[in-house]
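Protein sequences appear in the order of chains A and B. Numbering of the first sequence is given in the numbering used here, commencing with residue 26 and proceeding in unit increments. Numbering of the second sequence is given in the numbering used here, commencing with residue 19 and proceeding in unit increments. Positions of the beta carbon are idealized from the N, C-alpha and C atoms, including for glycine. Notes to accompany the following structure.
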Amino acid sequence: MITREEKFGWILSSPYIIYFVIISAFPIIFSLILMFMRWNMLSSMQFIGLQNFITLFQDPLFWKALLNTFIFLIIHIPLQICLALLISALLNSPDLIWKSFFRSTFFIPVVISGVVVTLLWKQLYSTETGLLNNILLGINLEKIPWLTSTKVAMPAIAIMATWKNLGLYIVILLAGLQSIPRSLYEAADIDGASKIQQFFHITIPMVNPTLITVIVLSTIGGFSLFIEPYIMTGGGPLNSTLSTNLYIYQQAFSFYKMGYAATLGFMMAFVIFLVVMLQRKYIEREI
Amino acid sequence: MKNKITIIFFLTLLSLLSCSRDSQKEYIEYWCASNTFELEFAKYIVDLWNSDSTHRHIRLQPIPEGQSSEEMLLAAIVGKTTPDIYSNTWPGVVEQYREANVIINFNQFPDFSDYLAARIPENLDKQFMSSDSQFYQFPWKVNPILLAYNKNILENILNSSPPETYDDLEKIGQKIIDYNKNNTMPIWMMDPNISPIWYQRLFDFYPFYVSASQGKTFISPDKQVLLNTSPAKTVFNLFRENYTNGLLPISMFKEDIFLLERLVFHITGPWSIAHYKRFARSDFEWGYTGIPTVENDMLPYTYGDTKNIIIFKDTEYLRECWEFVKFMTSKEADLKFMEMTAQLPLRKDLLSDPIYSKFFNNNPKLIIFAKHIPYVVGLDQSLFLQEIFDMISKTWDAVVIYRAKDLEKGLNDLNSQVRNQVTREYQ
């Protein structure tokens, strides 16, 4: 027999339960079923056993997309973390004037629509008419094929993504920095530690939990790379900016291979889980 | 009391739900394209239809906004919220809808064949026929893809006339190279979109391919794939050489570089007329010419980019839907369509019927597009057309733009990939 109190508890939690079932549980279970099906949304589903997994392991484009995503992460995460840490340390400095202005300025790109930012950068990166190459030509340097060279396109996207997301991580790290007691720096000053020594021996260890959060968030965010290559390059040149999410999108909504797209999605969820676990295992120990 | 309120609440909810699903719809739902001009035409034609009280009432709605109309239709099909009629269907997806059994066969109407034969050029009907030789789409409008050219650059700077053949194009290319040697601001021959998205190849590779093949698509009637034959090689080679010679920019542009006078030609359809009229400088002069042919005396084939009408199977008013399709594709309606949208209906009598002559006198730039209607080529009927064009696009990227693959090998590999896809489809 359910008590009146329990009933009330169920009523109060029902909005979340309904939300969870519709938005999370159902799609996950449906995707799990889809992994063993062939379905183009128009015709009825057809059970194909493990065929989607066999296709996945034999699909060179998926592995290429995965490699591209890792290349993006290798450039994007260190760049983002280092810049965010450096800027947040500067913004935390007691000597800095116009703090609020700088904090807002760095956060503006975060609140601008990703599509708008991407379109703007696409224009900046244009080989023939872009502002960046006009500047390079102005100082007698060669034009760079920012989005049309297999070697440069992914780093160019990583720079843009870093610019877009930097503000968020600055805010998170700034909160971490502000929670460090000033007395620690005062004691270090008295002991004669330089500013650099204070940064490496007080700031970094004290901001460690925040840094791990930022790395994990940044990694997960990096794996969801989609808008930038979708709008800027379409995955080109020669598939060098094809990210896993863009590939999944193409399989699902250009070619209507829902079963295969679900399999790719689960594979990616597994890869992200693995990477985050490894990060936690090693970074928590190192920092 | 509480129990009574609960029962009443659930009964009301149930009745509302049942109303929304099961009650018979008293009207025909028609979705049109969401661009302003077509929406205005649709409103006009629906109002005209509805003004006759003997007609079944039509409720008009532009297709919901989304990434593409195909995606929105797919969502509607999955969600079982399709309209009765949709009028902007890309023929490349019709085969999928037919296979899914969601659209009706127009051949079931006794007067369909005669009506179609009276409307569209004789040789064009087969391109809209599904693999079971039936029509699941009604051919409505057509956008022949041609070359727009900058008159000032072509005639005054390059001292040339619009190219008719590949040789003419090559000569113009040489003049552009010479011009660029002496000028800091280069001009280009054309600006094909370098994005590897499948549909971009409908506007560079495909018009040139159907011109080179003289109207043949790349899957033959006996399901042979022809992507490693002479027409494909010729087109791939033409663009590959032009990229290598710097005549085509390997760059993405946000601005319209044709209007900025950096291009001699731009591959486009009749929709560009309104765009150029609106955005070009007052002294900007442009014209249109057909896709150059490989040799002299070849016919001016091109891709038609047609958009057609489909009727969904769930409709309760099949006969009335067909009557409305005929109503909106009548001679008078087609004239109004041209006047309001500056697009061309797919008709064989556009340049011969006096009813349209005043319109073409007022819109002379559209005449060349109308002249190309008998030579427009559609698409192969395949369930996997997007995937096939994606394969072409990836090969185009590797062979033509970036020269990462040998032409011969690239086309042989492409042909095998497409053949495997086609073989799987027809097994």
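Quick one: Cα of residue i to Cα of residue j, how far?
i	j	result
Leu403 of chain B	Glu113 of chain B	9 angstroms
Ala118 of chain B	Tyr261 of chain B	42 angstroms
Ser321 of chain A	Val46 of chain A	This structure cannot speak to residue 321 of chain A, because chain A is shown only from 26 to 312.
Asn430 of chain B	Val312 of chain B	21 angstroms
Glu350 of chain B	Leu384 of chain B	18 angstroms
Thr80 of chain A	Ser125 of chain A	53 angstroms
Ile240 of chain A	Ile102 of chain A	7 angstroms
Val232 of chain A	Ser129 of chain A	22 angstroms
Glu105 of chain B	Thr54 of chain B	It is worth fixing the name first, because residue 105 of chain B is Ser in this sequence and not Glu. Cα to Cα, Ser105 of chain B sits roughly 15 angstroms from Thr54 of chain B.
Arg39 of chain B	Ala109 of chain A	Reliability of the predicted coordinates at Arg39 of chain B is poor, the pLDDT of 47 falling under 50, and the value obtained from them is presented with this limitation in mind. Whole-angstrom Cα-Cα distance: 54 angstroms.
Leu220 of chain B	Phe295 of chain A	37 angstroms
Cys107 of chain A	Phe127 of chain A	18 angstroms
Glu357 of chain B	Leu165 of chain B	23 angstroms
Val141 of chain A	Met90 of chain B	23 angstroms
Ile100 of chain A	Ile195 of chain B	39 angstroms
Measure from the C-beta of residue i to each C-beta in chain A and report whether the shortest distance is under 9 angstroms.
i	result
Ser435 of chain B	One point to set straight first is that residue 435 of chain B is Gln, not Ser, in the sequence displayed. By this cut-off, Gln435 of chain B is not an interface position.
Ala422 of chain B	yes
Ser213 of chain B	yes
Phe402 of chain B	yes
Glu338 of chain B	no
Leu429 of chain B	no
Pro267 of chain B	yes
Lys98 of chain B	no
Tyr197 of chain B	no
Ile386 of chain B	no
Return no unless some Cβ of chain B is closer than 9 angstroms to the Cβ of residue i.
i	result
Asn65 of chain A	yes
Lys89 of chain A	no
Glu211 of chain A	no
Phe33 of chain A	no
Tyr194 of chain A	no
Gln76 of chain A	no
Phe72 of chain A	no
Ser249 of chain A	no
Phe97 of chain A	no
Tyr285 of chain A	no
Asn165 of chain A	no
Lys147 of chain A	yes
Leu172 of chain A	yes
Going by DSSP, what residue range makes up the beta strand (DSSP E) through residue i?
i	result
Ile309 of chain B	Per DSSP, Ile309 of chain B belongs to no beta strand (DSSP E) and is neither H nor E.
Lys325 of chain B	325 to 329
Tyr104 of chain B	103 to 107
Pro263 of chain B	Per the sequence shown, residue 263 of chain B should be read as Asn rather than Pro. Element bounds for Asn263 of chain B: n/a, residue is neither H nor E.
Phe156 of chain B	156 to 160
Ile285 of chain B	283 to 286
Leu164 of chain B	164 to 168
Quick one, which of the options has its alpha-carbon nearest residue i's?
i	options	result
Leu91 of chain A	A:Met179, A:Met231, A:Lys124, A:Pro230	A:Met179
Leu244 of chain B	B:Tyr115, B:Arg258, B:Glu259, B:Val228	B:Val228
Ile195 of chain A	A:Leu209, A:Lys220, A:Asp214, A:Leu242	A:Leu242
Gly264 of chain B	B:Ser238, B:Ser290, B:Lys199	B:Lys199
Leu59 of chain A	A:Phe72, A:Ser49, A:Ile48	A:Phe72
Pro288 of chain B	B:Ser370, B:Arg365, B:Thr359	B:Thr359
Ala416 of chain B	B:Arg296, B:Asp274, B:Ser213	B:Ser213
Thr202 of chain B	A:Glu153, A:Ala186, A:Gly192	A:Glu153
Arg77 of chain B	B:Ala60, B:Trp414, B:Lys389	B:Ala60
Thr269 of chain A	A:Gln304, A:Cys107, A:Ile96, A:Met66	A:Ile96
Thr143 of chain A	A:Cys107, A:Thr187, A:Gln105, A:Ile197	A:Thr187
Lys325 of chain B	B:Met90, B:Asp150, B:Phe146	B:Phe146
Tyr272 of chain A	B:Trp414, B:Trp67, B:Asp408	B:Asp408
Phe387 of chain B	B:Ser400, B:Leu368, B:Asp240, B:Ile373	B:Leu368
Ile209 of chain A	A:Lys168, A:Leu193, A:Pro230	Note that residue 209 of chain A is Leu in the sequence shown here, rather than Ile. It is A:Pro230.
Gln218 of chain B	B:Lys241, B:Phe127, B:Met270	B:Met270
Gln192 of chain B	B:Leu176, B:Glu182, B:Pro180, B:Thr183	B:Leu176
Locate the alpha helix (DSSP H) running through residue i, then write down its first and last residues.
i	result
Asp289 of chain B	The sequence shown places Trp at residue 289 of chain B, rather than the Asp named in the question. Where Trp289 of chain B is concerned, the enclosing alpha helix (DSSP H) stretches over 289 to 297.
Thr413 of chain B	403 to 413
Ala416 of chain B	Taken as a continuous stretch (DSSP letters only), Ala416 of chain B belongs to no alpha helix (DSSP H), as it is neither H nor E.
Ile237 of chain B	Unbroken run through Ile237 of chain B: none, as it is neither H nor E.
Phe130 of chain B	130 to 137
Thr359 of chain B	349 to 359
*Can you list the alpha helix (DSSP H) stretches of 4 or more residues lying completely in the stretch 49 to 92 of chain B, in chain order?*
54 to 68
*What residue ranges within the stretch 43 to 83 of chain A form continuous beta strand (DSSP E) runs of no fewer than 3 residues, ordered along the chain?*
Within the stretch 43 to 83 of chain A, no complete beta strand (DSSP E) run reaches 3 residues.
*Which residue spans inside the stretch 235 to 310 of chain A form an unbroken alpha helix (DSSP H) run of at least 4?*
252 to 257, 269 to 274
_Sequence ranges, alpha helix (DSSP H) only - wholly within the stretch 83 to 154 of chain A, length at least 4_ = 85 to 116, 124 to 136, 139 to 150
_Runs of 4 residues minimum, wholly inside the stretch 185 to 241 of chain A: which ones carry the alpha helix (DSSP H) assignment?_
207 to 215, 220 to 223
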